[in-house]
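Each remark here refers to the structure printed beneath this line.
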Amino acid sequence: MARKPDALLLLGRGGLGSAAKNELQALLQACQQADPDLAMQLAFVDRNQPALPEALDSLSAALAPTGGAQQTIVIQPTMVPDEPALRRWLQKVARRWLASQPGHARPRLVFAQPLLQWQGLVPALLNHLALATSRPDVVTEEGEEGWQTDPVAWSTVPAHQRHVLWCMGPRCVAKGAAALWPRLSQAVQASAPLKQQLQLLQTSCQYPCNQGPLMIVYPEGVWYGHLDEDSLVPVLKSHIEGSEACAAHRVHTLQAPPPCSDADE
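As numbered in the numbering used here, residues 1119 to 1383 make up the sequence shown, in order.
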C-alpha cells in the first residue's frame, strides 16, 4: 500500500519577473492549507531561487527526527511540458545532494510523475472548460485604450558600452547563479563606472555547464566561470575598470586579453 511521504518539494521553472515565483508560492500555500502536517518547500530549476540543492537542505533540516527510520521526500515537477533530459539531469543533482549528506540522515528522494502524465488530468481539464466560458473575454479584459500599440520605450536601445551575460540556465542555477544575480545587480547599481557602461542580461543555458556559474562580457567576448560571492564583483571590476581579464576565472576569450595584474596571479 502506498503511504504518505514525509515531505513535498514543488519544483518549477523560474522567470524574469516575480510572477513565476509568486504562482508557485501560491500553490505551495494552498497545499500547506490542505495538509498542514506535511513539510513542504519550493525550488526552481532556473532563473530563480532556491535551487534544488538549497531547497533540499532546508526541507531536510525541517523534518522531525523519526528515530532512525528513513524519511521520504517527494519531488513534484510542475513544469509543462516535461523535458525528460532535464528531469534526468535533475535526478543527478538530487543524487549528488544525497551523497553530500551523512549516511544516517539521508532521506529517500522520489520524483513524482510530471503533471501532464497524471491520471485524471484530462477529465479535470474538460470539466474546467465550462468554468472558463463564464470568464470575461479578451475585449473586456483589455479594454478600448492602448491595445493597438506597445510602449514607445520598447523601441529604444538602452545606453551601454558592454553587455554582461549572466547564465541562469538549470545547471548554473544549481551551482548558485540565481543567488549571485542580486549581488551582481547591486554591485553594478552601486558603482557609477559600472552602471554607465554595462547592460546586464540574464540568459538561458550558455554552455559549458561544468564551468558555471558563467558570465560573459562583450564586445571582448571573455567568458568567466567558477564564480562565487567572493570572486564575482572583483572579476567584473578587474575587467571593466582595469581592462584586465582575470586568468583565474577566465575559461574562454575571443580576443587575446591584456596581461593580468599581480592581484590576479
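Each residue gets a CB set at the ideal place from its N, CA and C atoms; glycine is no exception. Just so we're clear, the structure is a prediction, and the values are computed from it rather than from any experiment.
Checklist entry - For R1253, does the three-state DSSP call read helix, strand or coil? => result coil
Checklist entry - Would you call N1166 buried or exposed, if buried means 16 or more other Cβ atoms sit within 10 Å of its Cβ? => result Buried: at least 16 other Cβ atoms inside 10 Å.
Next on the checklist: Could you tell me the alpha carbon to alpha carbon distance between A1223 and L1208, rounded to whole angstroms?
Outcome noted: 21 Å
Next on the checklist: Strictly by DSSP, which residues pair up with I1191?
Outcome noted: A1125, L1227
Checklist entry - Just checking my contact of Q1189 with D1124 at CB under 8 Å: how many whole Å lie between their CB atoms? => result Approximately 4 Å separates the beta-carbon atoms of Q1189 and D1124; this is inside 8 Å, confirming the contact.
Checklist entry - In angstroms, rounded to a whole number, what distance separates the CA positions of L1354 and W1236? => result 46 Å
Next on the checklist: Give me, in chain order, the residues of the same chain whose beta-carbon lies closer than 8 Å to that of Q1315; leave out the 5 immediate sequence neighbours on both sides.
Outcome noted: H1278, Q1279, R1280, I1358
Item to check | Beta-carbon proximity list for Q1231, same chain, < 8 Å, skipping 5 on both sides | outcome: none
Next on the checklist: I need the boundaries of the beta strand (DSSP E) containing A1305, first residue and last residue.
Outcome noted: Per DSSP, A1305 belongs to no beta strand (DSSP E); it is in the alpha helix (DSSP H), 1295-1308.
Next on the checklist: To the nearest angstrom, how far is the alpha carbon of A1297 from that of Q1320?
Outcome noted: 13 Å
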